[in-house]
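Have a look at the structure below before the remarks.
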Amino acid sequence: MMMHPEQELLLDVEESRAAPAIESSGGKSDGPAVVLRGLHRSFGSQIVLDGIDLTVGSRETLAVLGRSGTGKSVLLKLIIGLQKPDSGSILIHGQEITLLHLDALNEIRKKMGFLFQHAALYDSLTVEQNVAFPLKRHTKMTQSEQRDRVKELLAGVGMEGDLKKMPSDLSGGMQKRVGLARALALEPDVLLLDEPTAGLDPITSGEIDELILKLQEEHDVASIVVTHDLHSAKTIADRIALLHEGHVLIEGSFAELEKSDNEFVSEFLKRDS
Amino acid sequence: MRSSLNSVWLLLNRFLEWFGELGLFAWQVVRAAVKRPFEGRELLRQLDEIGSKSLPLVALAGAAIGAVLSLESRSSLVRFGAKSMLPAALVYSIIHETGPVVTGLVVSGRVGAGIGAELGSMKVTEQIDAIEASGVNPYKFLAFTRIVACILVLPLLTLAADFCGVLFGWIADTLVEPVSFHRFINQGFVGASFSDFLAPTFRTSVFGLIIGMIGCFQGMRTQGGTAGVGLSATSSVVLSSLFVILADVILVKFILVFFP
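Those sequence lines, one after another, are chains G and S. Residue numbers for the first sequence follow this note's numbering, beginning at -19 and rising by one. Residue numbers for the second sequence follow this note's numbering, beginning at 18 and rising by one.
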């Protein structure tokens, strides 16, 4: 039977796909944090995701790369339930979320953190109130406990001096930091980062990367990072998945991607490097 | 001929689609409303935002309408020798129709645009997604609280508009021909009963429902960037004003049936 070159490529990296998930989970015996199977999503006649299969270990960081419009952000929104897939399965810690009722889905969402592409800070609230928002909603912390927790989270992202500032007073990089602190407020098991370094200068991008690495070490989370920034992906990710035409074209470590003889992969890496 | 029929068909389709989506939105809000938490703090914030901050404008509009009605009616009534009817005509007109409708239209302008623009801006900057992603139901946190605040404050604002209308009607009248406020009020409320107050004032709760529901709906379905936000704000005002006027006609008929 003739195989599509992309299928061959996937078979080539089949081994590397399974191995790092276990390896990078630090020998943790519990199952994968996120499992996507046969995920499809279309907008009208435009097919964006056409059968995505991905697995992310419970302490692993997966970077999702791809050209603009390949559905990377859509993928994250499907994982957190902001959009529904046309078909396919999304398992978060073994629980299928596509069929969940809103209340049950919200319970799962409390254990997930989401950093939006433009941070999506609530512009009528101060930095402190933004970070405190999930704490106020979902914990029984007293006000002083909340204040302490917010200070601790903001200190973790180097923003402890900006508690009373409004989001409009912050630069793009600072907004991302606050967004990251807010995403970590409820100590999530799964962290979804949508273009954490997009629109930032190389130095700030580097700082955000370092921050993400530091947070991963401290908080022990599974992360899915959608990015265009290959350098960032190389720095922070255990594995990389490259989306192309609605499929995962290749999946593996950065070194494995570099070894690939697929024309699109080589072109992508060359253009971005 | 065929193309104009097609345009009418498309327009009708879009109108029905809009209504269908509004119905689904209302259902989501109702479903969210019956579950905990009841968002008391956010509701209080919205009562202040929608109620207290609309008060000056509503009071000013009521005062202006009262003064104008007094001046305009006076000359007509003098012509027919019914000058003494002025206080009663003014009070009846303000309490029954002018106060509620002016309040509804002023609030639909100020609050409808505000809600449409605020939620529209939150939608395009992914703030609504961020609320949802943090496990909070935006239909309750954003829409339900604003709609309930509108329903609760409209009757109160109407009372304020009525009071200012009557007060400034008296001021305008007394500037032309001095009359005591006590006498003006006594003449104005001759034959008026509690139900004359009740039904017209509380029909503005329906206006509040319309303004809140349409403002939230238009805001939360915003698409595109700043142009989309502008469009949502404008359509919120236009549609809520239109439906307030339509609801007024229907409710007046109902009130006449149940409170003849």
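C-beta: ideal position from N, C-alpha, C; glycine also. No experiment lies behind these values; they were computed from the predicted model shown.
Please confirm whether Asp146 of chain S has its beta-carbon closer than 7 Å to some beta-carbon of chain G. Your numbering for residue 146 of chain S matches position 129 in the second sequence. Judged by the 7 Å Cβ criterion, Asp146 of chain S is in contact with chain G.
At least one CB of chain G closer than 7 Å to the CB of Val153 of chain S: is that the case? Against the second sequence, residue 153 of chain S aligns to sequence position 136. Yes, Val153 of chain S counts as interfacial toward chain G.
Check the Cβ-Cβ distances between Ala150 of chain S and every residue of chain G, and say whether any is below 7 Å. By 1-based counting over the second sequence, the position of residue 150 of chain S is 133. Chain G, which has a Cβ nearer than 7 Å to the Cβ of Ala150 of chain S, makes this yes.
Would you call Ser76 of chain S buried or exposed, if buried means 16 or more other Cβ atoms sit within 10 Å of its Cβ? Here the question's residue 76 of chain S lines up with position 59 in the second sequence. Correcting the residue identity first, residue 76 of chain S is Ala in this sequence and not Ser. By the neighbour-count rule (16 or more Cβ atoms within 10 Å), Ala76 of chain S is buried.
State yes or no: is the beta carbon of Glu143 of chain S nearer than 7 Å to at least one beta carbon in chain G? Numbered from its first residue, the second sequence carries residue 143 of chain S at position 126. At a cut-off of 7 Å between C-beta atoms, Glu143 of chain S counts as an interface residue with respect to chain G.
Just verifying my parser: in three-state terms, what is the DSSP assignment at His199 of chain S? Position 182 of the second sequence, counted from the start, is the residue given in the question as residue 199 of chain S. Note: His199 of chain S maps to helix in three-state DSSP.
When you compare only the Cα positions, how much space is there between Thr177 of chain G and Leu268 of chain S? Looking up residue 177 of chain G in the first sequence gives position 197. Looking up residue 268 of chain S in the second sequence gives position 251. Here the alpha carbon of Thr177 of chain G sits roughly 56 Å from the alpha carbon of Leu268 of chain S.
Quick check on the DSSP output: what are the complete alpha helix (DSSP H) runs of length 4 or more inside the stretch 60 to 94 of chain G, in order along the chain? When DSSP assignments are scanned along the stretch 60 to 94 of chain G, the uninterrupted stretches of alpha helix (DSSP H) that are 4 or more residues long and fall wholly within it turn out to be 82 to 89.
Mind checking if Ile60 of chain G is an interface residue toward chain S, Cβ cutoff 7 Å exclusive? Locating residue 60 of chain G in the first sequence gives position 80, counting from the first residue. Closer than 7 Å: yes.
Could you have a look at Ser9 of chain G and say whether DSSP puts it in helix, strand or coil? In the first sequence, the residue the question calls residue 9 of chain G occupies position 29. Note that Ser9 of chain G scores 41 on pLDDT, short of 50, meaning its location in the model is unreliable; the coordinates nonetheless yield the value given after this. Ser9 of chain G carries a coil assignment under DSSP once its states are collapsed to helix, strand and coil.
Cut-off 8 Å between Cβ atoms - residues of its own chain near Ser92 of chain S, not counting five sequence neighbours on either side: The residue labelled residue 92 of chain S in the question sits at position 75 within the second sequence. Same-chain partners within the cutoff: there are none.
Any beta carbon of chain S sitting closer than 7 Å to that of Lys194 of chain G? Here residue 194 of chain G is taken as the residue at index 214 of the first sequence, counted from 1. Chain S places no beta carbon closer than 7 Å to that of Lys194 of chain G, leaving this residue out of the contacts.
Going straight from the alpha carbon of Ile2 of chain G to that of Arg58 of chain S, what length do you get? Residue mapping note: residue 2 of chain G aligns to position 22 of the first sequence, counting from 1. Residue mapping note: residue 58 of chain S aligns to position 41 of the second sequence, counting from 1. Reliability fails at Ile2 of chain G, whose pLDDT of 34 lies under 50, so the model's placement of it is uncertain and no value is given.
Rounded to a whole number of angstroms, what is the C-alpha to C-alpha distance between Ala135 of chain G and Lys194 of chain G? If you number the first sequence from 1, residue 135 of chain G lands on position 155. If you number the first sequence from 1, residue 194 of chain G lands on position 214. Within the model, the alpha-carbon separation for Ala135 of chain G versus Lys194 of chain G is close to 13 Å.
Could you list which residues in chain S have their beta carbon closer than 7 Å to that of His98 of chain G, in chain order? The residue labelled residue 98 of chain G in the question sits at position 118 within the first sequence. Thr142, Glu143, listed in chain order.
Determine the closest residue to Ala99 of chain G out of G:Ser246, G:Lys156, G:Phe248, with distance taken between C-alpha atoms. Within the first sequence, numbered from 1, the residue matching residue 99 of chain G stands at position 119. When each option's Cα is compared against that of Ala99 of chain G, the closest is G:Lys156.
How would you write the range of the alpha helix (DSSP H) that Gln109 of chain G sits in, first residue to last? Within the first sequence, the letter at position 129 stands for residue 109 of chain G. Segment 107 to 118, the alpha helix (DSSP H) holding Gln109 of chain G.
Can you tell me which of the three DSSP states Leu101 of chain G falls into? Numbered from 1 along the first sequence, position 121 holds the residue referred to as residue 101 of chain G. If DSSP states are grouped into helix, strand and coil, Leu101 of chain G belongs with coil.
Considering only residues of the same chain and omitting the five flanking positions on each side of His77 of chain G, which have a CB-CB separation below 7 Å? Here residue 77 of chain G is taken as the residue at index 97 of the first sequence, counted from 1. The residue asked about is misnamed: residue 77 of chain G is Ile in this sequence, not His. For Ile77 of chain G, same chain residues with a beta-carbon under 7 Å away, outside a window of 5 residues either side, are Gly61, Ile70, Leu85, Ile88 in chain order.
Of the residues S:Val119, S:Phe55, S:Asp213, the one placed nearest Leu86 of chain S, counting alpha carbons only: As a position in the second sequence, residue 86 of chain S is number 69, starting the count at 1. Distances from the CA of Leu86 of chain S to each of S:Val119, S:Phe55, S:Asp213 were compared; the closest alpha carbon is that of S:Val119.
Under 7 Å, do Thr162 of chain S and Gly116 of chain S count as touching if we go by C-beta distance? For the purposes of this step, residue 162 of chain S is taken as residue 145 along the second sequence, with counting starting at 1. For the purposes of this step, residue 116 of chain S is taken as residue 99 along the second sequence, with counting starting at 1. By the CB criterion at 7 Å, Thr162 of chain S and Gly116 of chain S fall outside the cutoff.
Applying the criterion that 16 or more other CB atoms from any shown protein chain within 10 Å of the CB defines a buried residue, is His81 of chain G buried or exposed? In the first sequence, the residue the question calls residue 81 of chain G occupies position 101. Classification of His81 of chain G: exposed, given that the 10 Å Cβ count is below 16.
Quick one: what does DSSP say Arg96 of chain S is sitting in, helix, strand or coil? As a working note, residue 96 of chain S is residue 79 in the second sequence. In this structure, DSSP gives Arg96 of chain S a helical state, which the three-state scheme calls helix.
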